[in-house]
Amino acid sequence: MLPFTQPNIAAEELAAVQEVLQSGWITTGPKSVAFEQALADYLGGGVQVRVFNSGTSALEAVLLAHDIGPGDEVIVPAMSFVASANVIVRCGATPVFVDVDLISRNLGADAVAAALTDRTRAIMPVHFAGRPVALAALYRLAEEHDLLVLEDAAQAIGSQYQGRKIGSSGNPVCFSFHPNKNITSIEGGAVASADAELMERLERLRFHGIERKPQGGIDVPEWGGKMNMPDVNAAVGLAQLPKLDAFNRRRRTLVQMYLQLLPGHPALQLPADVDGHSWHMFCILLDWRKTGLERHEVVDRFRQQGIAVGMHYPAMHLFSFYRQYGYRPGDFPNAERIGSETLTLPLFPAMTEQDVEHVCAVLQGILPVQ
Numbered sequence: 097m098l099p100f101t102q103p104n105i106a107a108e109e110l111a112a113v114q115e116v117l118q119s120g121w122i123t124t125g126p127k128s129v130a131f132e133q134a135l136a137d138y139l140g141g142g143v144q145v146r147v148f149n150s151g152t153s154a155l156e157a158v159l160l161a162h163d164i165g166p167g168d169e170v171i172v173p174a175m176s177f178v179a180s181a182n183v184i185v186r187c188g189a190t191p192v193f194v195d196v197d198l199i200s201r202n203l204g205a206d207a208v209a210a211a212l213t214d215r216t217r218a219i220m221p222v223h224f225a226g227r228p229v230a231l232a233a234l235y236r237l238a239e240e241h242d243l244l245v246l247e248d249a250a251q252a253i254g255s256q257y258q259g260r261k262i263g264s265s266g267n268p269v270c271f272s273f274h275p276n277k278n279i280t281s282i283e284g285g286a287v288a289s290a291d292a293e294l295m296e297r298l299e300r301l302r303f304h305g306i307e308r309k310p311q312g313g314i315d316v317p318e319w320g321g322k323m324n325m326p327d328v329n330a331a332v333g334l335a336q337l338p339k340l341d342a343f344n345r346r347r348r349t350l351v352q353m354y355l356q357l358l359p360g361h362p363a364l365q366l367p368a369d370v371d372g373h374s375w376h377m378f379c380i381l382l383d384w385r386k387t388g389l390e391r392h393e394v395v396d397r398f399r400q401q402g403i404a405v406g407m408h409y410p411a412m413h414l415f416s417f418y419r420q421y422g423y424r425p426g427d428f429p430n431a432e433r434i435g436s437e438t439l440t441l442p443l444f445p446a447m448t449e450q451d452v453e454h455v456c457a458v459l460q461g462i463l464p465v466q
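For the sequence shown, position 150 (counting from the first letter as 1) is numbered 246 according to the numbering used here, and the numbering increases by one without interruption.
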């Protein structure tokens, strides 16, 4: 079965894990510190990096570090993995959904501006599938209204915006290293920022609120969680990071094949290629009504041909939990169409050209003859 994604684990990762296990120090330690520095060097811009046990924890910690909580609102796209909204609720704040562009699946400044209230404290743009959000207008809007911009770059390690890597601009940006991401640390995440005070607070928040004294001893000046990354995970990340640019180049090559081989068809909407895209996923829209099939029947067709496909993602405001905020079908048409028609085709560096050709042939066989 061809999976829709697959981590690239090689001898370097296995050796790195063995080294840590044999060292006697397997929790947070020197490998985590080294991974933080390696990420900071990769991103550039003079940022610091702190690693976490997940990208979700990283997002939550940044919100907590800015004292965002009950009574506050955070604007977030209605189309994303649900973690983007869950962390807002976890902090006691209210997620305010906005619709996304149908092709980029990213939010825009105009939609955000229309959703602002006197309770808005932050904007959380999500770089969907690695495509960079148009950040300039969002940052101008945030500056006008004194708002935090917290970039959810869980899917965008290695992406660039206006010639700079996402994460290098100095504002808080969060990454994920889950096994389905462009590089992995098994589980893990990170925050990049140029704000030294923020980074100090994140260190406390990720590990029980502990503050270590220069002369020894500790204090606990505030609440903290348990969000640290173990050295085993960091060692895998350190082995993966030097391969990231090559992984992303291979993803881009495979995407170009998809875009060249897939036909123009009224039932099919393809993603668009843009500069700086790291292509975490290749998500199409398929109008099931025009194929004469239900989505589960299309998924079964692919599976019968040895191909696994994904569905990324349902519109978040339609989940039963988020209905309590008053959201209903029809509120965000683009997000809802994406949620109902999306299909994620296989994309990962170890795929072959023949794999792409096979996927395209199966899809073409599903599309009705024009």
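Virtual Cβ for every residue (Gly too), placed ideally from N, Cα, C.
Asked, Found
"I'd like the list of long-range same chain contacts for residue 182, defined as Cβ closer than 8 Å, with 5 residues on each side in sequence excluded.", "152"
"Which residues share a DSSP beta bridge with residue 289?", "144"
"Determine the closest residue to residue 305 out of 190, 328, 322, with distance taken between C-alpha atoms.", "322"
"Judging by CA-CA distance, which residue of 421, 452, 465, 463 is the nearest neighbour of residue 192?", "421"
"Between which residues of its own chain and residue 435 is the CB-CB distance below 6 Å, once the five residues before and five after are set aside?", "410, 411"
"Measuring straight from C-alpha to C-alpha, what distance separates residue 317 and residue 307?", "7 Å"
"If I follow the unbroken beta strand (DSSP E) through residue 169, where does it start and stop?", "169 to 173"
"Taking the C-alpha atoms as reference points, what is the distance between residue 271 and residue 241?", "26 Å"
"Helix or strand or just coil, what does DSSP make of residue 218?", "strand"
"Determine, using beta carbons only, whether residue 234 and residue 162 come nearer to each other than 9 Å.", "no"
"Can you find the residues in the same chain that come closer than 6 Å, C-beta to C-beta, to residue 257, ignoring five residues on each side of it along the sequence?", "228, 231, 372"
"Quick one: give me the first and last residue of the beta strand (DSSP E) that residue 456 is part of.", "Note, residue 456: premise wrong, no beta strand (DSSP E); alpha helix (DSSP H) at 449 to 462."
"Reducing DSSP to helix, strand and coil, say where residue 309 ends up.", "coil"
"Sort 98, 437, 279, 394 by Cα distance to residue 408 and report the nearest one.", "437"
"Quick one: using the 10 Å Cβ neighbour count with 16 as the cut-off for buried, is residue 277 buried or exposed?", "buried"
"Can you give me the C-alpha to C-alpha distance between residue 128 and residue 329, rounded to a whole angstrom?", "8 Å"
"Can you give the beta carbon distance from residue 143 to residue 263, rounded, assuming they're within the 8 Å contact cut?", "7 Å"
"Per DSSP, what are the beta-bridge partners of residue 406 in this structure?", "440"
"Given a cut-off of 9 Å, decide if residue 309 and residue 141 are closer than it, judged by their beta-carbon atoms.", "no"
"Which runs of the alpha helix (DSSP H) fall wholly inside the region 323 to 357 and span at least 4 residues, in chain order?", "327 to 336, 340 to 357"
"Taking the DSSP output, what are the residues bridged to residue 261?", "256"
"For residue 111, collect the residues of the same chain with a Cβ closer than 7 Å to its Cβ; drop the 5 residues on either side in sequence, then sort them by chain order.", "none"
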